[in-house]
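Engineer:
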Amino acid sequence: MAYFRRFDYPAPDPAILARLTEEQRQMQERIVIQKPDFDLKLIAGCDSSFIGEDTILSVFILLTYPELEVVEKVWHHGPVELPYIPGFLAFREAPNLLKTYEKLEQKPDLIMVDGHGISHPRRLGIATHLGLHLNKPTMGVAKKVLVGKYKEPAAIKGSVSPLIYKDDIIANVLRTKDNIKPVFVSPGHLMDLESATSIALACATKYKLPEPTRLADHYAAVFKSEVK
DNA sequence: GCGACAG
DNA sequence: ATCTTGTCGC
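The numbering of the first sequence is the working numbering, which starts it at 495 and goes up by one.
See below:
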């Protein structure tokens, strides 16, 4: 099939995809999109990288808000069970991310995830998936679109444009830096689009990626080189 | 039927 | 995600 001509993986068992799709359909009913009720003091960023083909290394970074100073960073690595399949990323990466999260001594008020929240075919991007498992507010910041259409936002930092999918606004395409490709911001769970967008912008200092995600990405590479 | 497709 | 050189622009 189309997915697996692009990646060197064998076609996934249709029965397994059907089971995972059904699992997402059930989780879908528990998603809560609302104005967050927290007093944001600690925000987390998380990201994963791979060591070889079947070992995943994840990191969680804890930052103060709005100062954005790092107060904690943890990592964990382990085997992955599934190949990457568009639309099913969480089943591949969430297990190790959850184990990494447990290592945090303090817990964040909000988690910023690298990837989509509800801007997903079944509203179950990895940010939403993690939020449901942790019963914690989450939001997604992705570098590329998964589903939906949009018009390019203006070239200056702070410009936004809606990402539309089946007549719904599922994310905001946000310019976090002048003349640099925008990012896709969506609520994950216990969060709403407007709050997620303003927080992403507040975390955008001088780089394209908001600090929680950028630093998680950075440390993922650092820890990876230490393990190798 | 032909593309598109987070990390 | 990962493999990888030079190159264009601020």
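We put the CB at the ideal spot given by N, CA and C, even for glycine.
#1: Taking residue 633 and residue 611 to be in contact with their CB atoms under 8 Å, please state how far apart those CB atoms are, rounded to whole angstroms.
#2: Can you tell me whether residue 656 is helix, strand or coil according to DSSP?
#3: Measure the C-alpha to C-alpha separation of residue 506 and residue 614 and round it to an integer number of angstroms.
#4: Comparing C-alpha positions only, which one of 651, 659, 652, 515 sits nearest to residue 639?
#5: Considering only C-alpha positions, which residue in the set 703, 674, 625, 542 is nearest to residue 530?
#6: Nearer than 8 Å: is that true of the beta carbon of residue 712 relative to any heavy atom of the ligand NAD?
#7: Should residue 627 and residue 592 be called a contact, given that it needs their Cβ atoms to be closer than 9 Å?
#8: Could you tell me the alpha carbon to alpha carbon distance between residue 601 and residue 642, rounded to whole angstroms?
#9: Can you grab the Cα-Cα spacing for the pair residue 637 / residue 693, in whole Å?
#10: Since residue 629 is in the alpha helix (DSSP H), which residue starts that stretch and which ends it?
#11: Looking at C-beta atoms only, is the number of pairs between the segment 650-659 and the segment 667-677 that lie closer than 8 Å three or more?
#12: State the DSSP-derived secondary structure class of residue 612, mapped to helix, strand or coil.
#13: When the Cα of residue 703 is compared with those of 526, 541, 580, which residue comes out closest?
#14: Should the segment 509-517 be called in touch with the segment 684-692, which here means at least 3 C-beta pairs below 8 Å?
Structural biologist: In terms of the structure at hand:
#1: Here residue 633 corresponds to residue number 139 of the first sequence, with the count starting at 1. Here residue 611 corresponds to residue number 117 of the first sequence, with the count starting at 1. At roughly 6 Å, the Cβ-Cβ gap stays under 8 Å, so residue 633 and residue 611 are in contact.
#2: By 1-based counting over the first sequence, the position of residue 656 is 162. DSSP places residue 656 in strand when its eight states are reduced to three.
#3: Counting from one through the first sequence, the residue named residue 506 turns up at place 12. Counting from one through the first sequence, the residue named residue 614 turns up at place 120. C-alpha separation (whole angstroms): 20 Å.
#4: Position 145 of the first sequence, counted from the start, is the residue given in the question as residue 639. Nearest option by C-alpha distance: 659.
#5: Numbered from its first residue, the first sequence carries residue 530 at position 36. Answer by Cα proximity: 625.
#6: Because no ligand of any kind appears in the structure shown, any question about the ligand NAD cannot be addressed here.
#7: Taking the first residue of the first sequence as position 1, residue 627 is located at position 133. Taking the first residue of the first sequence as position 1, residue 592 is located at position 98. Yes, they are a contact pair.
#8: What you label residue 601 is simply residue 107 of the first sequence in a count that begins at 1. What you label residue 642 is simply residue 148 of the first sequence in a count that begins at 1. Just so you know, the alpha carbons of residue 601 and residue 642 end up roughly 33 Å apart.
#9: Here residue 637 corresponds to residue number 143 of the first sequence, with the count starting at 1. Here residue 693 corresponds to residue number 199 of the first sequence, with the count starting at 1. Roughly 16 Å between the two C-alpha positions.
#10: Sequence index remark: in the first sequence, residue 629 carries index 135 (1-based). Run containing residue 629: none; DSSP gives neither H nor E here.
#11: yes
#12: Position 118 of the first sequence, counted from the start, is the residue given in the question as residue 612. Coil.
#13: As a first step, residue 703 is located in the first sequence; it is residue number 209 there, counting from the start. Nearest C-alpha to residue 703: 541.
#14: With the cut-off at 8 Å, the segment 509-517 and the segment 684-692 do not touch.
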